[in-house]
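In what follows, a single structure is set out as structure tokens and then discussed.
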Amino acid sequence: MKTPTLKSYLFRILPALIIIFSGLQAYAGQGGVVETIKKAIVPFNDEEQVDSVPPLPRDTVLVKTKYQGGIFWTETRKDKVERFKCSQCHNNKDVTIARAAEMAHGDISSVHGGKLRPLSCFTCHKKDERDFLVTEKGSKVDMDHSYRMCGQCHFRQQKDWVGGAHGKRVSFWAGKRVVKNCTSCHDPHSPLFEKRWPKTYSRPIVK
Amino acid sequence: MDSRQNNDCLKKKESNRRQGKQCGRREFLSGALKAAALGSAAMVSGCGTGLLGSSEESALKWQEYFKKNYRLMTQEEKDETVARLERLAKLRKGVDIQMSSKEPVEDVLFGYAFNLTRCEGFMECVAACVKENNLDRKSQTQYIRIFEMEPGEMTPESGDGKYFHKVPVENHFYMGVQCFHCESAPCIKACPTKATWREPDGIVVVDYDWCIGCRYCMAACPYYGRRFNWNEPQVPVKEMTKKQHYLGNRMRGKGQVEKCTFCVQRSRAGRLPACVEACPTGARVFGNLLDPKSEIRFVLKEKKVFRLKEELGTDPKFWYFID
Chain S
604 MKTPTLKSYL FRILPALIII FSGLQAYAGQ GGVVETIKKA IVPFNDEEQV DSVPPLPRDT
664 VLVKTKYQGG IFWTETRKDK VERFKCSQCH NNKDVTIARA AEMAHGDISS VHGGKLRPLS
724 CFTCHKKDER DFLVTEKGSK VDMDHSYRMC GQCHFRQQKD WVGGAHGKRV SFWAGKRVVK
784 NCTSCHDPHS PLFEKRWPKT YSRPIVK
Chain C
1460 MDSRQNNDCL KKKESNRRQG KQCGRREFLS GALKAAALGS AAMVSGCGTG LLGSSEESAL
1520 KWQEYFKKNY RLMTQEEKDE TVARLERLAK LRKGVDIQMS SKEPVEDVLF GYAFNLTRCE
1580 GFMECVAACV KENNLDRKSQ TQYIRIFEME PGEMTPESGD GKYFHKVPVE NHFYMGVQCF
1640 HCESAPCIKA CPTKATWREP DGIVVVDYDW CIGCRYCMAA CPYYGRRFNW NEPQVPVKEM
1700 TKKQHYLGNR MRGKGQVEKC TFCVQRSRAG RLPACVEACP TGARVFGNLL DPKSEIRFVL
1760 KEKKVFRLKE ELGTDPKFWY FID
């Protein structure tokens, strides 16, 4: 018997190839929204396409990290801290008023870092320059950039925050990306949310 | 859409001309009834404002009866009906509302993600939604439901949707459910009057005035995403959201189906939906799926995501994810 030549062999499998290929085409067409998303790779121009893009709020600060779309902003912290600047009292002299710590900071109870190794004030606050925070490595951090402090331990949350899976944007999905600061939602001294009653309740389903 | 509509219009005009008619059936009826309405209104106003209310109100009401489906309206017709509805709200309830008929933004497809690890069941979203969307206070309509779930459960059917105690409870997680704005939505296919459709930016909307209240869509929806108005929705004037959209939070009537619209009045203006803005834990992510730099795209790329009842092929644009 004559062995089939390469040409006739290709000719024989051609219908099979066509069927497989058209099947694949049909399958790709069924991808739905996931397929649509994969195809969309052109960045959306917020300023041009959305006609009511908000201006950048004033109490924001440029974050020193980049996210997948470039630069983004976060809410400031210093203007929301009562009695900032700290150096008004904590300058190079000792505070001499009796019970000053209790009066000024009595409301703060540090519930941060677990029971075995709770954080002390000076884990985060810089002892000799009270207007600033300090990392474990000893570099000075501005209070507006507190995400750099939190990210030392909570690096997974920081990565999610930079990308957009942790925390939230402020009011607008369009326009310049402004996100909440770590301390907008978490009290840095006791960051866990407290148990409370829900705001409302659901009625049983009536169909 | 527009070219087809124009084509239909031209065809109609042509057939009218051939039949020697002055105008079409709909135009004739609407014209005749408007005249009748004005006549009766004049009669009523002759003996003071009677049962029909003011003459202006009844005239506007008649004109409202003869408007088209939203998708067939030209921009002028949309503006007219919006103006009528604003005026009617003023006449009926004395509220100054600002209604819009803003078109979808191009190159936008809205998507939503829900973080199951972060939600703690505070239900701020539910309250914000009720407030923003002018939901009926009498029957306590809510678009969002939050279920308290045992670890390992995957569908809210086995969860507790009626919890009322301090939250979060240890060893439980919370799952929010609302309309998922499916790409291939069963509710759209079920509607016999084409009163519900998918907008180009992916939002599934309802033309409330075109809804006949048959509730086929509610039966078709596998997620219980739609709500029916068994009574005239009642919202105190003080609490009413004045910024409204024709397809969104304008006042519905008795016997009409409504649903979550991703707060179309907000999202098309670049704002976040009320539930996202109200969430105290940041469990809700909203954004443009077609924008590779959006947060929702980050979630879809980097996180473990799933959709509810994905096997049904409804292709919802609402993902759940865990940290």
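Protein chains in written order, with my numbering: chain S, 604 to 810; chain C, 1460 to 1782. C-beta atoms are modelled at their ideal positions from N, C-alpha and C, and glycine is treated no differently.
Status (buried if at least 16 other CB within 10 Å, exposed otherwise) for residue i
i	result
C/Q1724	buried
S/H789	buried
S/M706	exposed
C/M1613	exposed
C/V1696	exposed
C/A1548	buried
S/A701	exposed
S/Q609	In the sequence as presented, Gln is not what sits at residue 609 of chain S; that position holds Leu. Exposed is the call here.
C/A1733	buried
S/N694	exposed
S/D731	exposed
C/L1767	buried
S/A704	exposed
S/E678	buried
Whether residue i touches residue j by CB criterion (9 Å)
i	j	result
C/V1711	C/N1747	Before going further, note that residue 1711 of chain C is Arg rather than Val in the sequence given. In this structure, C/N1747 does not lie closer than 9 Å to C/R1711 by Cβ.
C/P1751	C/E1642	no
S/V737	S/H728	yes
C/V1758	S/A768	yes
C/K1537	C/Y1682	no
S/T668	S/V765	yes
C/L1575	S/R772	no
C/A1737	C/A1586	yes
C/P1615	C/F1632	no
C/V1694	C/N1593	yes
C/D1782	S/R759	yes
C/W1778	C/Y1622	no
S/H792	S/I711	yes
S/P646	S/F775	no
S/G778	S/V653	yes
C/E1698	C/R1551	no
S/L659	S/V781	yes
C/R1546	C/T1740	no
C/R1709	C/M1532	no
S/K681	S/F687	yes
9 Å Cβ cutoff, residue i in contact with chain S
i	result
C/G1509	Note that C/G1509 scores a pLDDT of 48, beneath 50, so its modelled location is shaky and nothing firm can be said.
C/D1774	yes
C/I1647	no
C/D1660	no
C/G1620	yes
C/A1542	no
C/T1652	no
C/N1708	no
C/S1513	no
C/G1741	yes
C/A1644	no
C/H1624	yes
C/N1592	no
C/V1503	Note that C/V1503 scores a pLDDT of 46, beneath 50, so its modelled location is shaky; the value from the coordinates is reported in the next line. Judged by the 9 Å Cβ criterion, C/V1503 is not in contact with chain S.
C/I1605	yes
Minimum Cβ-Cβ distance from residue i to chain C less than 9 Å
i	result
S/D682	no
S/T608	no
S/G673	yes
S/Q652	yes
S/G766	yes
S/K771	yes
Within chain S, the residues that residue i reaches when beta carbons sit closer than 7 Å
i	result
C/D1750	P646 and F647
C/P1692	Within 7 Å Cβ-Cβ: nothing; C/P1692 doesn't reach chain S, min ~15 Å.
C/E1583	K802
C/K1768	Near C/K1768 there are no residues of chain S at all, since even the closest Cβ is about 14 Å away, more than 7 Å.
Interface residues of chain S facing residue i [CB-CB closer than 9 Å]
i	result
C/P1627	F796 and K798
C/G1580	P801
C/L1568	V636, T639, I640 and A643
C/E1562	None at all; the shortest Cβ gap to chain S is about 11 Å.
C/Q1601	T803, S805 and R806
8 Å Cβ cut-off: residues of chain C touching residue i
i	result
S/T677	Within 8 Å Cβ-Cβ: nothing; S/T677 doesn't reach chain C, min ~13 Å.
Interface residues of chain C facing residue i [CB-CB closer than 9 Å]
i	result
S/P657	G1729 and R1730
7 Å Cβ cut-off: residues of chain C touching residue i
i	result
S/K852	Since the displayed chain S opens at 604 and closes at 810, residue 852 of chain S lies outside it and no answer follows.
S/S774	R1730, L1731 and E1736
S/P807	K1621
S/K779	Here the premise fails: no neighbours, minimum Cβ distance about 11 Å.
**OP:** Would you check if the region 1633-1647 of chain C and the region 1602-1609 of chain C touch, i.e. whether three or more CB-CB distances between them fall below 8 Å?
**Re:** In short, these stretches touch, since the Cβ pair count reaches three.
Subject >> At least three beta-carbon pairs within less than 8 Å, the region 795-805 of chain S to the region 1574-1593 of chain C >> reply: Look at the beta carbons and you see the region 795-805 of chain S touching the region 1574-1593 of chain C: at least three pairs across the two are nearer than 8 Å.
Original post:
Do the region 1766-1782 of chain C and the region 1553-1567 of chain C meet, that is, are 3 or more Cβ pairs less than 8 Å apart?
Top reply: Between the region 1766-1782 of chain C and the region 1553-1567 of chain C there are fewer than three inter-stretch CB-CB distances shorter than 8 Å, so the stretches are not counted as touching.
Subject >> Validate contact between the region 1662-1675 of chain C and the region 1524-1541 of chain C using beta carbons, cut 8 Å, 3 pairs >> reply: Yes, the region 1662-1675 of chain C touches the region 1524-1541 of chain C.
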